[in-house]
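Trainee:
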Amino acid sequence: MIADWLWEISPTSFKTGNKDKTERDIYKLYQVWESNIENFRQHAFTVRRQRFPQLASSNALYLLGKERGFNRFKSETEEEFRNRVINAISWYEKAGTVKGIREILSLYGFENVKITPVLKIDPSRWAEFRVETTSERQINAETVQLVIDIVNKLKPTHEKLREIILSYLTKTNCYLSSGTMAETTAYSEMITGFKWTSKGEAFVYAGSMGEVASTTQFVEV
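Going by this note's numbering, the first residue of the sequence shown is number 846, and it counts up by one from there.
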């Protein structure tokens, strides 16, 4: 008990005389303090936990991220953000390298990452690059924005993200000439100018515009 512990560390002058400790005013005061001290101890323990990103609450995690120079991406889950804060040192070590961008994107489920300098395609654009990757995430504007946010955070400061090609495997239903329905697997590339094997929304990031645009394309199979 805390009251007993306080009694043990009390000055000898508090313990002189023949009275039992339970009859002494100072011990009774310790007993009154006990519940408050226990509450303070629990609160101190809770506050200490908030300093560790593995254990921090959502609000505390946000502050820990700010300390490390991270803001949560709009399309990033709390668990993904938590892992990024935990591995902040690794993030900064990998920043500015092609290998680092590949490794970090893979943590978010983006595979087969290919980074190509636009210079190889257009010699007039020497400081731009494009990213090609595949993903099992639901493909929408938020998915594209997540790739943009990650790449812009990791890329060399003098380089400019020009284009993203985000590909994925999707299953669609089609009707055969006999009238029966069959399931087909289509490989689709999410970028303006590429044809789909089925209809849907395509999202493209225009580096010069700095925004995500949405278009709907219809292609007959």
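We put the beta carbon where it would ideally sit given N, CA and C, even for glycine.
Can you give me the Cβ contacts of tyrosine 907 inside the same chain, cut-off strictly under 8 Å, excluding the 5 residues immediately before and after it?
Mentor: Translated into the one-based positions of the sequence shown, residue 907 becomes position 62. Correct list, in chain order: Arg917.
Trainee: What is the residue span of the beta strand (DSSP E) that glutamate 973 lies within?
Mentor: Here residue 973 refers to the residue found at position 128 when the sequence shown is read from its first residue. Start and end: 973 to 980.
Trainee: Using only the alpha-carbon positions, how far apart do glutamate 973 and aspartate 967 sit?
Mentor: What you label residue 973 is simply residue 128 of the sequence shown in a count that begins at 1. What you label residue 967 is simply residue 122 of the sequence shown in a count that begins at 1. So the alpha carbons of these two residues sit roughly 10 Å apart.
Trainee: If we call anything under 8 Å between Cβ atoms a contact, is leucine 991 one with lysine 1000?
Mentor: As a working note, residue 991 is residue 146 in the sequence shown. As a working note, residue 1000 is residue 155 in the sequence shown. No, Cβ-Cβ distance for leucine 991 and lysine 1000 is not below 8 Å.
Trainee: Taking 8 Å as the limit between beta carbons, can you name the residues of its chain near arginine 913, skipping five residues before and five after?
Mentor: Against the sequence shown, residue 913 aligns to sequence position 68. Closer than 8 Å at the Cβ level, and outside the excluded window around arginine 913, lie Val930, Ala933.
Trainee: Following the continuous alpha helix (DSSP H) through valine 963, name the residue where it begins and the one where it ends.
Mentor: On the sequence shown, position 118 is the one that residue 963 refers to. No alpha helix (DSSP H) holds valine 963; DSSP gives it neither H nor E.
Trainee: Can we say the segment 866 to 881 touches the segment 890 to 910, given the rule of at least three CB pairs closer than 8 Å?
Mentor: Result no; under three Cβ-Cβ pairs closer than 8 Å.
Trainee: Quick check: is the beta carbon of leucine 950 nearer than 8 Å to any beta carbon in chain D?
Mentor: In summary, chain D is missing from the structure at hand, where a single protein chain is found.
Trainee: Could you check whether tyrosine 1013 and glutamate 981 sit closer than 8 Å to each other, using their CB atoms as the reference points?
Mentor: As a working note, residue 981 is residue 136 in the sequence shown. As a working note, residue 1013 is residue 168 in the sequence shown. For glutamate 981 and tyrosine 1013, yes; Cβs fall inside 8 Å.
Trainee: On the DSSP letters alone, give me the boundaries of the alpha helix (DSSP H) that asparagine 928 sits inside.
Mentor: The sequence position of residue 928 within the sequence shown is 83, counting from 1. 923 to 931 is the span of the alpha helix (DSSP H), which, as asked, contains asparagine 928.
Trainee: So, using beta-carbon positions, are valine 963 and arginine 947 closer together than 8 Å?
Mentor: Here residue 963 refers to the residue found at position 118 when the sequence shown is read from its first residue. Here residue 947 refers to the residue found at position 102 when the sequence shown is read from its first residue. In this structure, arginine 947 does not lie closer than 8 Å to valine 963 by Cβ.
Trainee: In whole angstroms, what separates the C-alpha of glutamate 987 from that of isoleucine 993?
Mentor: Counting from one through the sequence shown, the residue named residue 987 turns up at place 142. Counting from one through the sequence shown, the residue named residue 993 turns up at place 148. So the alpha carbons of these two residues sit roughly 10 Å apart.
Trainee: Where does glutamate 921 land, buried or exposed, given buried means 16+ other C-beta within 10 angstroms?
Mentor: Here residue 921 is taken as the residue at index 76 of the sequence shown, counted from 1. Glutamate 921 comes out buried.
Trainee: Hey, out of Thr891, Asn904, Ile995, whose CA is closest to glycine 941's CA?
Mentor: The count along the sequence shown starts at 1 and reaches residue 941 at position 96. When each option's Cα is compared against that of glycine 941, the closest is Ile995.
Trainee: Measuring CB to CB, does glutamine 887 end up less than 8 Å from alanine 848?
Mentor: By one-based count along the sequence shown, residue 887 stands at place 42. By one-based count along the sequence shown, residue 848 stands at place 3. No, the Cβ-Cβ distance between glutamine 887 and alanine 848 is not below 8 Å.
Trainee: When the Cα atoms are used, what is the spatial distance from threonine 857 to phenylalanine 885?
Mentor: Position 12 of the sequence shown, counted from the first residue, corresponds to residue 857. Position 40 of the sequence shown, counted from the first residue, corresponds to residue 885. Approximately 27 Å between the Cα atoms of the pair.
Trainee: Arginine 975 and glutamate 1008: beta carbons closer than 8 Å?
Mentor: Your numbering for residue 975 matches position 130 in the sequence shown. Your numbering for residue 1008 matches position 163 in the sequence shown. In this structure, glutamate 1008 lies closer than 8 Å to arginine 975 by Cβ.
Trainee: Measure the Cβ-Cβ separation of threonine 978 and glutamate 956 and say whether it is below 8 Å.
Mentor: As a working note, residue 978 is residue 133 in the sequence shown. As a working note, residue 956 is residue 111 in the sequence shown. Yes; because the gap between Cβ atoms is below 8 Å, this pair is in contact.
Trainee: Can you pull the DSSP bridge partners for glutamate 1008?
Mentor: What you label residue 1008 is simply residue 163 of the sequence shown in a count that begins at 1. Paired residues: Arg975.
Trainee: To which residues of the same chain is phenylalanine 926 closer than 6 Å at the C-beta, ignoring the five residues directly before and after it?
Mentor: In the sequence shown, counting from the first residue as 1, residue 926 sits at position 81. The residues are Arg917.
Trainee: Once the 5 residues before and after leucine 909 are set aside, which same chain residues still bring their CB inside 7 Å of it?
Mentor: On the sequence shown, position 64 is the one that residue 909 refers to. Excluding sequence neighbours, leucine 909 sits near Pro898, Ala901, Val930.
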